[in-house]
Amino acid sequence: MSNPRYPEEFKIEAVKQVTERGLPVAEVAARLGMSTHSLYAWVKRYSKPQEQRAQEDDQQADGYYAWLAEPTSARAKDDQRLLGMIKHSWLESGGVYGYRKIHDDLRELGEACGKHRVARLMRLEGLRSQTGYRRRPGRYGGKPPVASPNHLERRFNVTEPNKVWVTDITYIRTYEGWLYLAVVLDLFSRQVIGWSMKPQMTSDLAIDALLMAVWRRKPKQEVMIHSDQGSQFSSGDWQSFLKANNLLGSMSRRGNCHDNAVAESFFQLLKRERIRRKIYSTRQDARADVFDYIEMFYNPKRRHGFNNQLSPVEPQARYLAAFTYRFNRRGWLSTLPARLLTAATTCVPQALRLVRVAEHHC
């Protein structure tokens, strides 16, 4: 599979995870689904020399001495041990997860405990999941100059990657003014495959997000891209981009947000779990935080109910693994020319149809 291309703003934010947040290159590369060699090259190109500061965490022994003075029961000791694991899972989620998803984390680690016990310990410790807030009703403008038919018609369950993408735009408050965010999600696994952030809400904002998705996925077949009827998606530049990249435009009905529910749901998660009632000092601070949520948490780690509590990147990986196994069952994969192999792995639906035809004639 050919390496995906990334825009410069993606590279800069990826480098900051290493240079400013101090995360290991291997961990950042794994979460972003790229090679460490490429990330090292980005760090060398974009990072600036910074003084390294050693920070030492003072360890307080109050809890240890209290335990020595007043021994606790075996049940209480087990609660304390379990609470430590709960805190770790809660902090790893950025203070987002509630008791249900933390219970899933514990079960994955082999812990046998009930959801109600996890809820009780979180309640006693004051650990809460993020909750949303009510949306104010808005007003709608006139009819857009170009309105594509609603080809999606709320068929949000897709069985193959790169069949249907959805896109939308939201805004983030900063003391420098608004920062606008456009995203593109693949309905197959709800993964964010393209995004862009700019201080103005123009057609370039939407096109840059879609361009990132095209660069990362390189679809060979026609892909449906669904949006609302905003001016950015009805512009001539947007329509020209769709035609040039073999994308089929689809639009929600006028003023009906439920027709684009998956994109709306992602923004609701982003605002509830990361930027709820927060005003960033600068647009750059907001950009860095949103990048961290999308590329370092939501895509590689966050459990998603649609994926049976798997992160959005895992269904895609499992789908490709299943295809590779099926295609290589009779040794076909090793005999394919390099050009055909690249086409097969970048265009999974067509490759699977090729498998079915080959099996039929064998």
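According to UniProt numbering, the sequence shown is numbered sequentially starting from 1. In this text, a Cβ means the ideal position worked out from N, Cα and C, and glycines have one as well.
Local Cβ density within 10 Å of residue i, reported as buried at 16 or more and exposed below that
i: N308; result: exposed
i: T282; result: exposed
i: I279; result: exposed
i: H226; result: buried
i: D78; result: exposed
i: H103; result: buried
i: A286; result: buried
i: R123; result: exposed
i: R302; result: buried
i: P24; result: exposed
i: K198; result: buried
i: L91; result: exposed
i: S73; result: exposed
i: A29; result: buried
i: S234; result: buried
i: S89; result: buried
i: N256; result: exposed
i: T217; result: Looking at the sequence itself, residue 217 is Arg, so the reference to Thr does not match. It counts as buried.
i: R53; result: Any reading at R53 must be qualified, since the residue scores a pLDDT of 35, below 50, and its modelled position is unreliable; no value is offered.
i: Y298; result: buried
i: K101; result: buried
i: S35; result: exposed
i: Q200; result: exposed
i: G114; result: exposed
i: Q221; result: exposed
C-beta contact flag for residue i and residue j at 8 Å
i: M212; j: R31; result: no
i: F188; j: P315; result: yes
i: L181; j: V290; result: yes
i: R253; j: N162; result: no
i: V223; j: L247; result: yes
i: L210; j: G194; result: yes
i: A206; j: Q239; result: no
i: Y97; j: S129; result: yes
Simplified DSSP assignment, three categories, for residue i
i: G249; result: strand
i: S148; result: coil
i: V223; result: strand
i: residue 366; result: The structure shown has nothing for residue 366, since the chain only spans 1 to 362.
i: I275; result: coil
i: P94; result: Residue 94 is actually Gly in this sequence, not Pro. If DSSP states are grouped into helix, strand and coil, G94 belongs with coil.
i: V158; result: coil
i: V355; result: At V355, the pLDDT of 45 sits below 50, so the modelled position is not reliable; the number obtained from the coordinates is stated separately. Reduced to three states, the DSSP call for V355 is helix.
i: T167; result: strand
i: A112; result: coil
i: G84; result: helix
i: L23; result: coil
i: G236; result: helix
i: M201; result: coil
i: Q55; result: Confidence is the limiting factor: at Q55 the pLDDT is only 41, short of 50, which leaves the residue's position unreliable, though a coordinate-based value still follows. Q55: coil per DSSP, three-state reduction.
i: T282; result: coil
i: L340; result: Reliability fails at L340, whose pLDDT of 45 lies under 50, so the model's placement of it is uncertain and the value that follows must be treated cautiously. If DSSP states are grouped into helix, strand and coil, L340 belongs with the helices.
i: Y319; result: helix
i: G126; result: coil
i: Y180; result: strand
i: G194; result: strand
i: V15; result: helix
i: P4; result: coil
i: Q50; result: In this prediction, Q50 scores a pLDDT of 44, lower than 50, which makes its location untrustworthy; no coordinate-derived value is stated.
Check: residue i C-beta below 7 Å from any heavy atom of the ligand PLP
i: E295; result: Among the components of this structure there are no ligands whatsoever, and the ligand PLP is therefore not found.
Nearest-angstrom beta carbon gap, residue j and residue i [assumed within contact, 8 Å]
i: R190; j: H304; result: 6 Å
i: N260; j: D208; result: Going by Cβ atoms, the distance from N260 to D208 rounds to 19 Å, so no, they are not a contact pair.
i: L152; j: S250; result: 5 Å
i: D186; j: E264; result: In fact, because the Cβ distance is near 16 Å, the residues do not count as touching under 8 Å.
i: V214; j: F266; result: The pair is not a contact, with the Cβ atoms about 19 Å apart (cut-off 8 Å).
i: Y99; j: A119; result: 4 Å
i: V164; j: I294; result: That belief does not hold up - the Cβ atoms of V164 and I294 are roughly 20 Å apart, past 8 Å.
i: A244; j: E13; result: Actually they do not touch by this definition, with Cβ atoms about 27 Å apart.
Residue closest to residue i, alpha-carbon to alpha-carbon, out of the options
i: L320; options: E160, Q284 and G110; result: E160
i: L109; options: L185, G126, R120 and L82; result: L82
i: G236; options: S203, E8, Y40 and D105; result: S203
i: K87; options: V166, L121 and N245; result: L121
i: I275; options: V166, A317 and G95; result: G95
i: E273; options: A317, S93 and G84; result: S93
i: Q80; options: R107, Y46 and R117; result: R117
i: Q284; options: A317, T324, R173 and P219; result: R173
i: E8; options: L39, A76 and P219; result: L39
i: L269; options: F323, T170 and T19; result: T170
i: K11; options: A41, H258, P312 and G230; result: A41
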